[in-house]
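Asks: My questions will all concern the structure given below.
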Amino acid sequence: MQQWRVSGFREVRELGHGGQGRVVLAVHEESGAPVAIKYLPAQADDEARSGFRHEARMLGQVTSPHVARLYRLVEGEHGTAIVMEAVDGTPLKAVLARHGALAPEAALAVLKGSLLGLAAAHAVGVVHRDYKPANVIVPADGRSKLIDFGIATPTGAASAAGTPYYMAPEQWRREPATPATDVYAATCVFYECITGRRPYDATDRMALMAMHGTAPIPAEDVPEPLRPLVEQGMAKSAEERPPGAAAFVEELEQAARAAYGTDWEARGVRTLAAAAVALAALFPLAAAGLTAPAAGLAAGAGGAAGVAGAGGAAGTGLLVGTGAKVAAAIAATAVVGTTVTGGVLYAGRDETEPATLNVSAQTRTYSQAFPDIAMRVDQAEYVTVSGHPDRTVQQRINQALRAPLDQAVADYRQHWAQTDPQARGNLPGTPMRLTVKVRYGSRGPGLMSVRYLIGNPVFAGGGTSLRAKSVNLVLATGRVLKESDIFQGAALANGAALLSRRVPPPPPLRSGGSLACPFTPISGLGRIGGAAAVAPTFTPDRMEFTWTSSELCFGDRTRSVPYAQLTDLLDPEVVRLARGG
């Protein structure tokens, strides 16, 4: 039996289907505008049809460039459908899975765009109640859109509906939802954007309820200038949060300008755009060979209130967007699952990920001015992984791989705070530069090993301290290996004397002709980290150790040692993983 289709639209391809219906990418025959059409199953009962109308009614009240628009609700004897804007982009969920933590400006740009969309909903008395990364779409221009008003409700309605990772305490208690409920969820997602992990994470629903209800807000993991935003937005009591998204936008703007300058938003949007474009293969219009027109009648001829079904029977139509400009379109993209809502097809549970491990590593760069400490991070490199089947583990890995960069910024901030204010007057005219370069060792499948060479400014008047750090972690679990995990006890005993004999320092650095700068043996580095100070990293057949100098001579040297020479000093399981086992 042929499936019913809304007349006036040419179906391009199905984007997905599930128990709640199917979503298709279609083109309006008159204007050529691409749209997403969500069809309710033909066998749907009265309750499902009522919920479908409810979604259309909630979405139809909201008009904002930050919300995917409803164009038409179609009901007739052959079926029920919603015609809506299709947004060509990728879910924020996919961006976070690929890139991990975002730069602060990008995280702020996500939050601002979402708050503006939520503010438009709040202005007409609608609370979204299910704000989460899967319901935020990032198009190629970096300006996010909010989707899926499937469980939205008028302000004051009570329900426990929502996604547990982002539900406000009052939702858990089945208390009335207010705009402050959406503020809480948006702040949770902002926290995830800026740290690479959820504020509260547990596999047990009751544990999550307790965390959201009583656990301290983990603001210490957020950049200091932004902590007040997180503390306000995630306050346990709705009365202690900003009263709605519009009020929170004002506080966000003030905090962002103070911390990152007046051009923070432009930089953040550019970063988001780049992150989305990196996933452009997931954009549904590109996959279908379509482009969005600059303008058009996305929902039909002006003033039309009815449409005909495929069988010729008339239906009733609610036309919301006649004559509207069609921005660009997605609706359903990267993740194929069993739930169809809001024009986006996605897996029904956020924690569901592909079952196979196929992890890849990418080098990212980060630049940021910190005018309050006269320092600039200049194209600093760090590593992210993507493709891990466990999103929580991937977030843990990406957090660990970015930690050396974040710690370097924190170290200089502390150094600045401890510097005599008078000495700060000797600063050069340009900000001090912090640089980071990465070098890969093993890249899996068992172990990820990366060396970071950090050029961190020292004393407020000038100079640079060169340090090497390494991150060695187990890809299956995200566990970061410490010295005691890598080396056997004998290697580290007596100030790592045995390891120091097996791995002597490299030849001295030379500066200015006859000046030689010898490196300190590992056994003499206890004060600054011992073996960790030479950044041990793994390759498939050997270990590498890096010495640095920032005194009379400036530079670094690396010594490579085959595993055969260190067999009795290393943990055999770690060596097996490093070799690719």
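The sequence shown begins at 8 in this note's numbering and counts up by one. Ideal Cβ placement from N, Cα and C applies to all residues, glycine included. Since we're looking at a predicted model, the values are computed, not measured.
Going by C-alpha to C-alpha distance, which of Gly531, Gln261 and Ala283 sits closest to Asn501?
Replies: Gly531
Asks: Taking the continuous beta strand (DSSP E) assigned at Leu80, which residues delimit it?
Replies: In the DSSP annotation of this structure, the continuous segment of the beta strand (DSSP E) that includes Leu80 starts and ends at Leu77 to Gly83.
Asks: Is the stretch 109 to 129 close to the stretch 138 to 151, with three or more CB pairs under 8 Å?
Replies: yes
Asks: Would you mind listing the beta strand (DSSP E) stretches within the stretch 467 to 514 that are 3+ residues and don't spill past its ends, in chain order?
Replies: 471 to 481
Asks: If you follow the alpha helix (DSSP H) that Asn405 is part of, which residue opens it and which one closes it?
Replies: Arg398 to Gln425
Asks: When you compare each of Gly251, Leu473, Phe561 and Val145 to Val131 by their alpha carbons, which one comes out closest?
Replies: Gly251
Asks: Reducing DSSP to helix, strand and coil, say where Glu360 ends up.
Replies: The predicted position of Glu360 is uncertain, since its pLDDT is 30 and thus under 50; no value can be drawn from it.
Asks: Taking Gly5 as the reference, which of Arg440, Ala483, Pro438 and Leu441 has the closest Cα?
Replies: The structure shown has nothing for residue 5, since the chain only spans 8 to 588.
Asks: Please report the straight-line C-alpha distance between Ala368 and Pro396, rounded to a whole angstrom.
Replies: 14 Å
Asks: Since Ala51 is in the beta strand (DSSP E), which residue starts that stretch and which ends it?
Replies: Here Ala51 belongs to no beta strand (DSSP E), and DSSP marks it neither H nor E.
Asks: Would you mind giving the Cβ-Cβ distance between Cys200 and Tyr173, rounded to the nearest angstrom? I have them listed as a contact below 8 Å.
Replies: Between Tyr173 and Cys200 the Cβ distance is about 12 Å, and since that is not below 8 Å, they are no contact.
Asks: On the DSSP bridge list, what partners appear for Lys444?
Replies: Leu460
Asks: In the structure shown, what three-state DSSP assignment does Met218 receive?
Replies: Correct three-state label for Met218: helix.
Asks: When DSSP labels each residue in this structure, what does Trp271 get in the three-state scheme?
Replies: helix
Asks: So, is Arg181 buried or exposed, given that buried needs 16 or more other C-beta atoms within 10 angstroms?
Replies: exposed
Asks: Rounded to whole angstroms, what is the Cα-Cα separation between Val284 and His73?
Replies: 19 Å
Asks: Please classify Gly587 as buried or exposed, where buried requires at least 16 neighbouring CB atoms within 10 angstroms.
Replies: exposed
Asks: Please confirm if the stretch 78 to 90 is in contact with the stretch 55 to 67, defined as three or more CB-CB distances below 8 Å between the two stretches.
Replies: yes
Asks: Touching or not, the stretch 101 to 108 and the stretch 253 to 265, by the rule of three or more beta carbon pairs under 8 Å?
Replies: Segments in contact, no.
Asks: Quick one: what's got a C-beta closer than 8 Å to Gln406's C-beta in the same chain, skipping five residues either side?
Replies: Answer for Gln406: Gly107, Ala108, Thr202, Gly203 and Arg204, listed in chain order.
Asks: Tell me which residue opens and which closes the beta strand (DSSP E) that His35 is part of.
Replies: Gly28 to His35
Asks: Skipping 5 residues on each side, what residues in its chain have a beta carbon closer than 6 Å to that of Glu623?
Replies: Since the first residue of the chain shown is 8 and the last is 588, residue 623 is not available in this structure.
Asks: I'd like the list of long-range same chain contacts for Ala280, defined as Cβ closer than 7 Å, with 5 residues on each side in sequence excluded.
Replies: Taking Ala280 as the centre and dropping the five residues before and after it, the same chain places the C-beta of Ala147, Asp148 and Gly149 closer than 7 Å to its C-beta, in chain order.
Asks: Within this structure, are the beta carbons of Gly462 and Leu473 separated by less than 8 Å?
Replies: yes
Asks: Taking 8 Å as the cut-off, decide whether the C-beta atoms of Leu115 and Val256 are in contact.
Replies: no
Asks: Might you give, ordered along the chain, the residues of its own chain that have their beta carbon closer than 8 Å to the beta carbon of Leu499, omitting 5 neighbours on each side?
Replies: Excluding residues within five positions, the ones whose Cβ falls inside 8 Å are Glu490, Ser491, Leu506, Gly537 and Ala538.
Asks: Quick one: what does DSSP say Met174 is sitting in, helix, strand or coil?
Replies: coil
Asks: Tell whether a beta-carbon distance below 8 Å holds between Arg458 and Thr391.
Replies: no
Asks: Leaving out five residues before and five after Ala265 in sequence, what residues of the same chain have Cβ atoms less than 7 Å from its Cβ?
Replies: Pro232
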